[in-house]
Structure formats: C-alpha cells, structure tokens
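Below you'll find the structure, written out as structure tokens, and then a few comments.
In my numbering, the protein residues as written are 1238 to 1443.
The following block contains the structure:
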C-alpha cells in the first residue's frame, strides 16, 4: 500500500497540468490508482467507513436480526435476513428499477423531508461520486493546470433521479442534467457554492 506522501508526490505533476496517462507512464502507477487518489488521497483502513455505516444502518432498522459482513473476491458486502424488509422498502419488486414506477410512500417522504441530507448522502454513496476535474487555462500567456471538485449522480431510473434532484433543490443545491451516451442519466453539481454545501454534508466516499 502506498503512503500518503508517495501519493502526493505522484499527484504533483497532475496538479501542474500533466495528464494522468503521462504521469502513469512516468511513475509506473496505474491510471486507475491515480484516479482513485484524486478522489481520496488517504489510504483506507481494513474496514472502509461505508461498510461500517451500512452495518450500523441495518442494525438500527432491524436490531433483532443478525447482520453479517461477507468477504468476496474483490468486494465485501453486508447481509441481514428478515421477512420485514419489504415493509421498509415497498418499492422493491421484480424487474429493473428503471422499467417500473419508483415513488416514496407518504411516511417515507416525511422522513426525507425531515432528513434531506441523509437521503442525499445515501444516494451519492450508492450511485454517485465526488470527483476532481482537471483542466488547463492560459494565465499570462502560459498554460497552467487547475482543479475543481464536482459531484455526479447516475441512475437510469427517471423517478430516482427526480427524487434526488428534487431533494437537492429543497436544500438549495444547484444541479444540471448531463446527457452522456444514449440517455440523460447523470446529474452534476459543479457550482462552487453548491459543491461547498455538498462537501459540508456529504463529502467523498470513505
């Protein structure tokens, strides 16, 4: 595992305007690792925070049920068996989510209205990300690199994207829809004030 100092040294040329591809060739570090370090430079421990948060959430929802962490090749997932899960998630059903209606029950919407940032954070952690965009611009005739953070949320379901964007609007976060490929499945938050709000309440995955 590379130390934080090693990661900082590897990312320094990127901050100066060099491409991730050229830095990868110079250092021998994969582009995937460089992209990952741009999002989070600190090495993760043996128990990533999102896994811990998931376990706590499942415990809180069903304290009488056993919650297990299952290590699989390349991933770790959380399991908790209960016949009552459909009561908590009435949206569950056969088929693909984006091919059926997804709507919150009244009691679910009331929870979202009372805790909008928890809802936004959960959606970002499941289907979104915080990234660092790198670009160049001319300053005094010299091309220099600069960076800025932004958030993305991607989901094929129109209903789920609307639930996310409506909640962003409710808390004062400005957003736009980006069409990539064959559909407008991406929601972007890039304005400085809105990113600052997201950073205060959501932050990078950990």
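For glycine and all other residues, C-beta sits at the position ideal for the given N, C-alpha and C.
Note that the structure is a prediction, hence the values are computed from the model and not measured.
Distance CB(residue i)-CB(residue j) smaller than 8 Å
| i | j | result |
| --- | --- | --- |
| residue 1266 | residue 1249 | no |
| residue 1390 | residue 1360 | yes |
| residue 1241 | residue 1278 | yes |
Three-state secondary structure (DSSP) of residue i
| i | result |
| --- | --- |
| residue 1410 | coil |
| residue 1427 | coil |
| residue 1398 | helix |
Alpha-carbon to alpha-carbon, residue j and residue i
| i | j | result |
| --- | --- | --- |
| residue 1394 | residue 1432 | 24 Å |
| residue 1321 | residue 1372 | 49 Å |
| residue 1286 | residue 1440 | 12 Å |
| residue 1244 | residue 1384 | 17 Å |
| residue 1276 | residue 1319 | 35 Å |
| residue 1388 | residue 1301 | 36 Å |
| residue 1270 | residue 1263 | 14 Å |
| residue 1414 | residue 1404 | 15 Å |
| residue 1333 | residue 1349 | 23 Å |
For residue i: DSSP bridge partner residues
| i | result |
| --- | --- |
| residue 1375 | 1380 |
| residue 1312 | 1309 |
| residue 1386 | 1369 |
| residue 1415 | 1423 |
| residue 1343 | Note: residue 1343 sits in no beta bridge, so no partner. |
**Request:** Inspect the CB distances between the region 1366-1378 and the region 1302-1314 and report whether three or more fall short of 8 Å.
**Result:** no
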